[in-house]
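Below is one structure; the comments refer to it alone.
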Amino acid sequence: MRSFFSTLLLLNWGLLLVLLTLALGVFYIYDLVVPAVRPLILFSFVLIAIFGTFYISTNIAMRITDPLATVEKKTKEINAGDFGVELSSPDIRELATLASSINEMARRLKLQFLDLTVEKEKFNYLLQNLKEGVFAIDRNHKFLFLNRNISETLIQKNSQFKEFAPSIKNKELLSFITDKILSGKEGKTEFQDGLHFYTARIYPIKSDAMVQLYIGVISDITEDRQNQLIREQFFQNASHELKTPITSIKGYAETLEYKLKLQPESNERKFLDAILRNTDRLIRIVEDMLTVSRLENHKTVLNLTDVSLYELVKNVSESLGVLYSQKKQNLVLEIPTDLKVRADRLLLEDLLVNLISNASAYSPEGASVIVKAFATKENNLIQVIDHGIGISAEDAERIFERFFRVDTNRSRKEGGTGLGLSIVKHIARLHSGEVNVAPNPKGGSIFSFVFPKK
Ligand code: ADP
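Using numbering that gives the first Met the number 0, the letters of the sequence shown map in sequence onto residues 0 to 453.
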């Protein structure tokens, strides 16, 4: 195979040689022929020279343009995703190298294309077979993708590439998605559709600070919700059923105590005291269980009034005064006297009693507890800061669960029921707020209750 340069040189030399040979021939026979034929010989020579040059030039051009045209056609085919047959190798070396590079590129692209197709199929298979419903909405508010696990009662079938708003049948889901798309924020909601309960989450996918895509996930939580309802129902029934017998045990035990007039040091007296002590504990547990059931029942109506926080905490501190003085602890209030919060007074009192009594129970003798409160532009914040035993990060996630105690013995000794923080969590939720715990840098814990002003 020759290079383009040597082919060009060779053909030109060939042409020159032919023309020279012809010129020599013409020169040789010029004097031998009759003068009348001489112009014809010269004319023929010129004609041969012109056509010869033309032929050679066309030949050279075609040797280049033909393979180039094939290369151009092939690149267009590759561009269109058709990797088809390979280019044959042209005679000219430079073009042969180009053709082989293009063949190599086509082979590599074909492999990458195959890999991508397999990856896409795998991803598609995974998305389609997820338990959750998954969808994607593009910047033009059209569904890009929907998997088959989205119930038809929520989003119409075959909604791909259609506007999301007319395709979503459930009003709550529609208003949630519209709200999140307008604000460009992620979010989560729970909603009901017929007899089913769902959670929906939406996440904006950003690139160059612009939202390019919204990914949504819908989970059917009906079974969890039903289990939760069964648990709540059981909890509620158990507390109601326990209340009467315990009250009657307490009544009989008190009657016995009154009638028997036992000696203070006698065993019978100790047994009766134990019965009364444990009955009181049981009564506290049942009362807390009833409170949790009432709060969980979602039917609790808040009686919102403007509450002077300083006065409320002062009252609570007075009612817990015995507890604090027994342990020689100090309760410090850092609350502006004019701070008024809009809340249910009785529930807020319950919340504070639980947090402030816990702060005492889980702090050593002589420790101080601070109750701090202030308002920001949108929220009220109440903090109960103690210098007690503290809570590990692992336990902090679970202490708001019913009956969870870090140290059961200590909780029992302190007269705890394991339900106080569960009540606190429910009261916080009813006020559209939340309660959380963080470690106190000076040792102990900080419980914070944040709730909106309005
Ligand atoms: P309890 O009646 O046992 O105090 P709570 O629901 O009020 O139940 O609290 C749950 C558990 O959280 C407690 O048993 C205790 O282990 C932990 N806890 C609550 N408050 C504090 C605190 N201020 N410091 C350390 N641990 C605490």
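In this text, a Cβ means the ideal position worked out from N, Cα and C, and glycines have one as well.
Open item on the list: Tell me the DSSP secondary structure of Pro263 in three-state form.
Closed with: coil
Task: Residue nearest to Val331 in terms of C-alpha spacing, selected from Glu317, Leu346, Asn146, Asp343 - done: Glu317
Task: Distance, Asp337 Cα to Val306 Cα - done: 10 Å
Task: Reference Asp406, options Ser421, Gly389, Lys168, closest by Cα - done: Gly389
Task: CB contact flag (Leu359, Gln382, <9 Å) - done: The sequence given here places Ser at residue 359; Leu does not occur at that position. Taking 9 Å as the Cβ cut-off, Ser359 and Gln382 do not qualify as a contacting pair.
- [ ] Spatial neighbours of Arg344 within its chain, please: CB distance less than 8 Å, with the 5 preceding and 5 following residues excluded, ordered by chain position.
- [x] Non-local C-beta neighbours of Arg344 in its own chain, meaning closer than 8 Å and more than five positions away in sequence, comprise Asn302, Thr304, Val306, Leu311, ordered along the chain.
Open item on the list: Am I right that Tyr197 and Ile217 are in contact with their C-beta atoms under 8 Å? What's the rounded C-beta distance?
Closed with: 6 Å
Task: Residue span of the alpha helix (DSSP H) that contains Tyr361, given as start and end - done: That residue, Tyr361, is in no alpha helix (DSSP H); it is neither H nor E in DSSP.
- [ ] Name, in chain order, the residues that DSSP records as bridge partners for Lys187.
- [x] Arg200
TODO: Give the range of the alpha helix (DSSP H) segment to which Ile63 is assigned.
DONE: 37-78
Task: Identity of the residues DSSP links to Pro451 by a beta bridge - done: Asn378
TODO: Compute the distance between the beta-carbons of Lys424 and Pro363, then report whether it is under 9 Å.
DONE: no
Task: Any non-hydrogen atom of the ligand ADP within 8 Å of Phe446 CB - done: yes
Open item on the list: Given the structure, does Ala360 come close to the ligand ADP, in the sense that its CB is under 8 Å from one of the ligand's heavy atoms?
Closed with: yes
Open item on the list: Quick check: what's the CA-CA separation for Thr116 versus Phe233?
Closed with: 53 Å
Open item on the list: Quick check: the Cα distance between Thr57 and Gly83, rounded to an integer number of angstroms?
Closed with: 30 Å
Task: Integer Cβ distance of Leu350 from Ala427, believed to fall under 8 Å - done: 7 Å
TODO: Confirm the yes/no value for this check: CB of Gly468, any heavy atom of the ligand ADP, distance under 8 Å.
DONE: This structure leaves residue 468 out entirely; the chain is present only between 0 and 453.
- [ ] Would you give the residue range spanned by the alpha helix (DSSP H) that Gln111 belongs to?
- [x] For Gln111, the enclosing alpha helix (DSSP H) starts and ends at 92-127.
Task: Classification of Gly419 by the beta-carbon crowding that lies within 10 angstroms, buried from 16 upward - done: Counting the other CB atoms within 10 Å of its CB gives Gly419 a total of 16 or more, which places it among the buried residues.
Open item on the list: Counting C-beta neighbours from all protein chains within 10 Å, is the total for Lys179 16 or more, i.e. buried, or is it exposed?
Closed with: buried
TODO: Tell me, to the nearest whole angstrom, how far the beta carbon of Asn378 is from that of Pro451; I am working on the premise that it is less than 8 Å.
DONE: 6 Å
TODO: Quick one: residues in its chain with C-beta nearer than 8 Å to the C-beta of Arg230, no 5 flanking neighbours on either side, listed in chain order?
DONE: Excluding residues within five positions, none has a Cβ falling inside 8 Å.
Task: Beta-carbon contacts of Glu348 that lie in its chain and below 7 Å, excluding the five residues immediately before and after - done: Leu311, Val315
Task: Heavy atom of the ligand ADP within 8 Å of Val405 beta-carbon - done: Yes, the ligand ADP has a heavy atom inside 8 Å of this Cβ.
Task: Reference Ser182, options Val210, Leu172, Ala199, Thr188, closest by Cα - done: Val210
Open item on the list: So, with DSSP's three-state summary, where would you put Pro34?
Closed with: For Pro34, the secondary structure class from DSSP, reduced to helix, strand or coil, is helix.
Task: Span of the alpha helix (DSSP H) around Arg411 - done: 407-412 is the span of the alpha helix (DSSP H), which, as asked, contains Arg411.
- [ ] Alpha carbon to alpha carbon, how far is Leu10 from Leu23? Give it in angstroms, no decimals.
- [x] 20 Å
TODO: Using the Cα positions of Glu93 and Ser2, report the straight-line distance between them to the nearest angstrom.
DONE: 6 Å
Task: Three-state secondary structure assigned by DSSP to His195 - done: strand
TODO: Note down the Cα distance separating Glu131 from Leu289, rounded to an integer number of angstroms.
DONE: 36 Å
Open item on the list: With a threshold of 8 Å (Cβ to nearest heavy atom), would Ser410 be considered close to the ligand ADP?
Closed with: yes
Open item on the list: What would DSSP say about Leu135, mapped onto helix, strand or coil?
Closed with: One point to set straight first is that residue 135 is Ala, not Leu, in the sequence displayed. In this structure, Ala135 counts as strand in the three-state DSSP scheme.
- [ ] Would you check if the distance between the CB atom of Arg341 and the CB atom of Lys168 is smaller than 9 Å?
- [x] no
Task: Limits of the beta strand (DSSP E) - the one that Phe142 falls within - done: 142-145
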